[in-house]
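Trainee: Positions in the sequence shown are counted from 1; adding 1 to them yields my numbering.
All residues carry an ideal CB built from backbone N, CA and C; glycine is no exception.
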Amino acid sequence: MRTRIYHITKFQDNSSYIFFNGCNWDCDFCIMKRFKYDIHLEKEVQADNFKYIDVETLMDILLQNNIIEVFLGGGEPTIDPSLPLILERLKMKDIRVNLLTNGELLNSRIVSLVDRISFSIKSLDENTHFMITKRSNLRSIENLKKFFNEKFTFETVYTRELGCRNVIEIAEFLESFGKNLILRIDPLIPVGNLFTPPPEYDLNECINHINSRYSVKAYRIKGKGKNAVVLYP
């Protein structure tokens with residue numbers, strides 16, 4: 002079965018990031034509008050006419066490279082009709098699955114087949130969310146309330162324009178689901194025209210504020226991340 006997977010990388014800890022093409026949202030600051038591939042892929046190989054692989058090829062690549070954990074992202078993996086089959090095959094091979102998603106298309110089958118869900122919340126305010134994504138957030142929030150369990154962690158993007166107030170609203174909302182939930186806060190990388198990156202001190206102060214006032218565990222990733230090698234294409 003053909004997938005929407007066009008790019009696969011491997012990290013030193015035998016984990017892999019799997020890139021899915023396409024999304025049901027159109028976020029102003031989506032990093033995929035600038036960087037569709039890992040920076041380790043040679044420029045001449047990068048192209049917009051993606052070569053999708055099938056499920057069998059995916060599994061062959063992962064098993065041949067001793068992958069023990071995968072991160073499914075990109076893009077939005079849940080728009081891929083082959084995702085349930087992919088998850089079933091990964092589970093059969095005891096490969097740990099982390100799903101990065103906006104949550105709009107989540108269902109009980111997907112939730113049951115993954116080990117962790119990184120749920121993206123851009124904003125709780127309907128108008129702000131629509132300005133960012135050109136979509137309503139109602140279905141995503143409904144799905145979160147319906148499917149939330151211990152597998153869920155959360156992430157958002159910090160912008161100069163929305164500031165800490167937007168993140169505080171998210172933290173307060175998450176408090177209603179339980180204690181000590183994880184919230185990753187990424188500083189905006191310039192892509193679109195509506196939002197700009199925050200000052201470094203502003204983001205750090207916001208993280209400290211949230212961690213001192215709420216049980217939510219807020220953090221950010223610094224640095225360039227783990228070195229990767231390309232498995233596909």
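1) Starting from the Cα of I68, find the closest Cα among P188, N108, D14 and give me that residue.
2) Are at least three pairs of beta-carbons, each pair with one atom in the region 140 to 157 and one in the region 114 to 124, less than 8 Å apart?
3) On a Cα-Cα basis, can you pick out the residue from S113, V192, R221, S137 that is closest to K37?
4) What residues in its chain sit with their C-beta under 7 Å from that of S141, if we drop five residues either side in the sequence?
5) Among the candidates I6, N150, P199, whose CA atom is the shortest distance from the CA of K180?
6) Consult DSSP for K92 and reduce its assignment to one of helix, strand or coil.
7) For a test of the three-state rule: what should DSSP assign to I62, helix, strand or coil?
8) How is the beta strand (DSSP E) around R117 delimited, first residue to last?
9) CA-CA distance, R185 and V71?
10) Around the C-beta of I19, are 16 or more other C-beta atoms found within 10 angstroms, so that it is buried, or is it exposed?
Mentor: Looking at the coordinates:
1) Numbered from 1 along the sequence shown, position 67 holds the residue referred to as residue 68. It is D14 whose Cα lies nearest to the Cα of I68.
2) As far as the Cβ criterion goes, the region 140 to 157 touches the region 114 to 124, which means the pair count is three or higher.
3) As a first step, residue 37 must be located in the sequence shown, where it is residue number 36. Checking every option, the nearest Cα to that of K37 belongs to V192.
4) For the purposes of this step, residue 141 is taken as residue 140 along the sequence shown, with counting starting at 1. Closer than 7 Å at Cβ, skipping near neighbours: N103, G104, E105.
5) Taking the first residue of the sequence shown as position 1, residue 180 is located at position 179. If we check each option's Cα against that of K180, N150 comes out closest.
6) Position 91 of the sequence shown, counted from the start, is the residue given in the question as residue 92. In the structure shown, K92 sits in a helix (DSSP, three-state: H, G or I).
7) As a position in the sequence shown, residue 62 is number 61, starting the count at 1. Reduced to three states, the DSSP call for I62 is helix.
8) As a working note, residue 117 is residue 116 in the sequence shown. Unbroken beta strand (DSSP E) run through R117: 117 to 121.
9) As a position in the sequence shown, residue 185 is number 184, starting the count at 1. As a position in the sequence shown, residue 71 is number 70, starting the count at 1. The alpha-carbon separation between R185 and V71 amounts to approximately 18 Å.
10) Translated into the one-based positions of the sequence shown, residue 19 becomes position 18. With 16 or more other Cβ atoms inside 10 Å of its own Cβ, I19 counts as buried.
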